[in-house]
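Chains as they are written, first to last, in numbering that gives the first Met the number 0: chain A, 0 to 234; chain B, 0 to 234; chain C, 0 to 234; chain D, 0 to 234. C-beta atoms are modelled at their ideal positions from N, C-alpha and C, and glycine is treated no differently. Okay, so here's the structure we're looking at.
Number of protein chains: 4
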Amino acid sequence: MVVKDVTEIKEKLARATRIMLNEGLFDLYGHPSTRVPGTDHLCVLGHLHGESRTLRTTSPEDIITVDMDGTLVEGNHEPPGEIYLHTEIYKARSDVNSVLHTHPPVTIALGIAGIPVKAVCLAGVDFGQGVPIFESACQIDTPEIGQKLAQILGNQMAVMLKGHGAVTVGVSIEQACSISLNLEKTAKLMLMVGQFGQVQPMSAEDLARYSNRGRHDSKESRKVFWVYYGERLPQ
Amino acid sequence: MVVKDVTEIKEKLARATRIMLNEGLFDLYGHPSTRVPGTDHLCVLGHLHGESRTLRTTSPEDIITVDMDGTLVEGNHEPPGEIYLHTEIYKARSDVNSVLHTHPPVTIALGIAGIPVKAVCLAGVDFGQGVPIFESACQIDTPEIGQKLAQILGNQMAVMLKGHGAVTVGVSIEQACSISLNLEKTAKLMLMVGQFGQVQPMSAEDLARYSNRGRHDSKESRKVFWVYYGERLPQ
Amino acid sequence: MVVKDVTEIKEKLARATRIMLNEGLFDLYGHPSTRVPGTDHLCVLGHLHGESRTLRTTSPEDIITVDMDGTLVEGNHEPPGEIYLHTEIYKARSDVNSVLHTHPPVTIALGIAGIPVKAVCLAGVDFGQGVPIFESACQIDTPEIGQKLAQILGNQMAVMLKGHGAVTVGVSIEQACSISLNLEKTAKLMLMVGQFGQVQPMSAEDLARYSNRGRHDSKESRKVFWVYYGERLPQ
Amino acid sequence: MVVKDVTEIKEKLARATRIMLNEGLFDLYGHPSTRVPGTDHLCVLGHLHGESRTLRTTSPEDIITVDMDGTLVEGNHEPPGEIYLHTEIYKARSDVNSVLHTHPPVTIALGIAGIPVKAVCLAGVDFGQGVPIFESACQIDTPEIGQKLAQILGNQMAVMLKGHGAVTVGVSIEQACSISLNLEKTAKLMLMVGQFGQVQPMSAEDLARYSNRGRHDSKESRKVFWVYYGERLPQ
């Protein structure tokens, strides 16, 4: 573990928090996390609310480090009550370096209606035949519930929490954020289309083009995404 | 009655008024009230409109004190025409310390459609099997209509006024505000889901978890809520 | 005709223009007018567009005076192409002192669907069993079309122009504006309710209460309305 | 080719980019182009993303010149990956001087539902019996796909790209922008009306009036449109 890495991780998680709040995917709550490379720890947004603080002023000092049991290793706040959605997904998915828990209103509405977000548009290419739905509105506040969630996520990049929110994952926090924003964007399209009847996902042929699409989903594009949503933050 | 208490009550009611206006639950009209501890009086937003003033600049000086008949005890304005929705609920509900009358657009739409807001999501856990609907769009401007409203409210925390608005109650003005905001938030979800068919509330099991949910609905959480919506006020 | 009256009329029409633009009822176009007391003339917003100006900076100097044939009497601009919707309504309705032509998006949507805005809520009490619909999307740019429009308006306070916009009238410009804002507000409610089936207007009993409702629709309330929407203008 | 012309073209394309972004028709991506008079070249927004820049700060220096094969002739950036939607439309349509590729959310929703935008309102008079729909969500990143798109566009002014976006054309960039904005505005109306059943376009009689409508669609009106949307840009 290199100190410089952890500093950068904390800065990115604080920025991710402010971006998600600004885009309406966090409200009073929500939390992102990232593995700490070379360790069995993760950095996650701490529980600020004991100090009556909202997420608006989240700074790197608000990011804490916990182990894979969710126990505090270092930091100024307690872990979030739902720390187990992070730890249990990391245990189940070695390909995942970042987990993000959001409260996206339209995705929640589709979840209540039992309609999985699907690859109906370019923003939805990561969602294929449909995002899995976790059927309970309970908090993910025990390791057992976290394991059940990880099982339902399977090898997908997102899971909808019925009546509650969503969780997305990524190789980086930038990707987890990008998938969260695309999930809600695609859900909004599906909500509009819903009144006209059932929506089919893109053709397999179109989807295949995008699984091999070069510049449109490159590292370059993830960097631009990060700048774009950063520019929308209040100054 | 302690003077310090009344000063704090008036500050909170003025702030509640500006928050409700800013969140779109008040428009030209709307009024919150709170019992004055140790007395048979209540503090309520006065009728500012004789001076052509809107609610945007509401200050503690605009909060008046009335008795349980709705008669002015102290203050710079007349009572609101609908004072009886406050007085009659206080008479019927000894557990209630605060009453809030709002004009939430989506809740009004569901009321017109005859659809009670239900516990379909986390924001809706206080609404169980459905919020009662007061079936007339009339003003609550006589003690008799106020009594009828209190009867329909029963032991619930909210009542929808068909074609008109809503009333929520709480042990504190913070709770009454929180319930009003959650009522409209849940109504918005139900409106989105409505096109896909009838919506079922959460399972009894999930609801039971939340009736005993610890930190998520603690005093701490109500304090954060108050800070969060305060931060959204125009500076 | 008193000069002071005309100055006040022009100030009010310019302010009405900026309010309607700010509330989304005017876009590039839209125009209010008022009779000039003691004359057979009317003041109306001139056609600014020859100078590539939008309505954002409308000032009293942009209000012109025309006669009942729509011919310019005094002012810096040509009359609007649709001047005949003003002149023909004034000829047909001696009780009307002000006419307002808007482009309200949701009212337009209901007009296309053939659904009249009705008294389904407090904001809609002026619309009774339904606002008449003018069935063509044509411009009201001849006296003959203006007469047809006046005939369809009849003795109502509003008329929907299918695929085009709306016209409201009043004893004053404040009332014509208030009715335009309430028309769109009520249309928004009806749009939300529409997915759940046909909407019935308020009961005759409730409507009767409001036709005799005292403070809630008094001159005082019109004055507050004017202040409220004025406060929302960009500074 | 006159230098002064190219300078003006680049300024207009940069301004068009910022307007489309501000109105929500561009997001991270989108690009306008214009023929360079007296040459076989076109000016088009370059691919800024290699420098992690968004469209918010687009300036005339970001506009590049390419030939009709999409090869860079002059400028600071590479051509966009979808340059072929521009080149192939120009080859097929000698009446077109400007092409605009947007990502309008409601138009995309209607495209997914298979519903062409039609002339249901004044804003839609350019869309007649229905805008053609390109049935694949693929990128227009080869000459062959560009030719197919041009074929589906035919002699219309707009084409919807299913699950992806839209392309509009014009005799000028102002017209292409105006048609893009009207396409989305009309789509929004159709989305609202959709819950009430199928929507018919205007009568042939009304449409005929507008094909010969004088001031309402004059050069003057295009100039005002440009000023109107320019005024809405952040300062």
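For residue i, report the span of its beta strand (DSSP E) as first-last.
i, result
"D66(C)", "62–66"
"H100(A)", "97–101"
"P70(A)", "According to the sequence displayed, residue 70(A) carries Thr and not Pro. Segment: none, T70(A) is in no beta strand (DSSP E) and carries neither H nor E."
"S32(B)", "30–34"
"M159(D)", "157–160"
"G164(C)", "164–169"
"V43(D)", "40–44"
What residues in its chain sit with their C-beta under 8 Å from that of residue i, if we drop five residues either side in the sequence?
i, result
"K187(B)", "V105"
"V35(D)", "M0, D4, V5, I8, L41, C42, T64"
"N154(D)", "R92"
"L47(B)", "T53, L54, T57, D61, H76"
"V116(A)", "T106, L109, G123, F126, G129, V130, A157, M159, L182, T185, A186, M189"
"G80(A)", "H46, Q138, D140"
"I88(A)", "V95, V98, G145, L148, A149, L152, V166, V168"
"E134(A)", "K161"
Excluding the 5 residues flanking residue i on each side, which residues of the same chain have their C-beta closer than 7 Å to its C-beta?
i, result
"E219(C)", "none"
"H102(A)", "L24, F25, D26, Y28, G29, G164"
"E22(A)", "L180, Y228"
"A13(B)", "T57, S58, P59, D61, I62"
How would you call residue i, buried or exposed, if buried means at least 16 neighbouring beta carbons within 10 angstroms?
i, result
"E60(B)", "exposed"
"Q197(C)", "exposed"
"T57(B)", "buried"
"D26(C)", "buried"
"P233(B)", "exposed"
"D94(D)", "exposed"
"T70(B)", "exposed"
"A203(C)", "exposed"
"D205(A)", "buried"
Which stretch, first to last residue, makes up the alpha helix (DSSP H) that contains residue i?
i, result
"V226(C)", "218–230"
"H85(C)", "82–91"
"C176(A)", "172–193"
"L151(B)", "Before going on, a small fix: residue 151(B) reads as Ile here, not Leu. Note, I151(B): alpha helix (DSSP H), 142–152."
"A203(D)", "203–209"
"A112(D)", "104–112"
Which residues in the same chain have their Cβ closer than 6 Å to the Cβ of residue i, if we skip the five residues on either side of it in sequence?
i, result
"E10(D)", "P59"
"S97(B)", "T33, G169, S171, I172, A175"
"Y228(D)", "I18"
"D66(B)", "H40, V72"
"Y209(A)", "V124"
"G213(C)", "Unreliable positioning characterises G213(C) in this predicted model, as indicated by a pLDDT of 45, which lies under 50. The coordinate reading is nonetheless provided below. No residues qualify anywhere along the chain."
"R162(C)", "The sequence given here places Gly at residue 162(C); Arg does not occur at that position. So the qualifying residues of the chain are I111, A136."
"L99(D)", "P31, T167, A175, S179"
"F224(D)", "S177"
"H215(B)", "With a pLDDT of 46 at H215(B), under the threshold of 50, the modelled position of that residue is not reliable, and no figure is offered here."
"A15(C)", "P31, I172, C176"
Is residue i close to chain G, meaning its C-beta is less than 8 Å from at least one C-beta of that chain?
i, result
"P104(A)", "Any reference to chain G falls outside this structure, whose protein chains are A, B, C and D."
Does the region 177–195 of chain A come within contact of the region 117–124 of chain A, defined as at least 3 CB pairs closer than 8 Å? yes
Could you tell me whether the region 134–150 of chain A touches the region 81–88 of chain A, using the rule of 3 or more Cβ pairs below 8 Å? yes
Can you list, in chain order, the residues of the region 136–165 of chain A whose Cβ is nearer than 7 Å to any Cβ on chain B? A136, C137, Q138, G162, H163
If the cut-off is 7 Å on Cβ atoms, which residues from the region 13–43 of chain B count as contacting chain C, listed in chain order? L27
Between the region 49–60 of chain D and chain C, which residues of the former have CB atoms less than 8 Å from a CB of the latter, in chain order? none
Name, going along the chain, the residues of the region 183–214 of chain A whose beta-carbon falls closer than 7 Å to a beta-carbon of chain B. L190, G193, Q194
Taking a Cβ distance cut-off of 7 Å, strictly less, list which residues of the region 116–131 of chain A are near chain D, in chain order. V119, C120, L121
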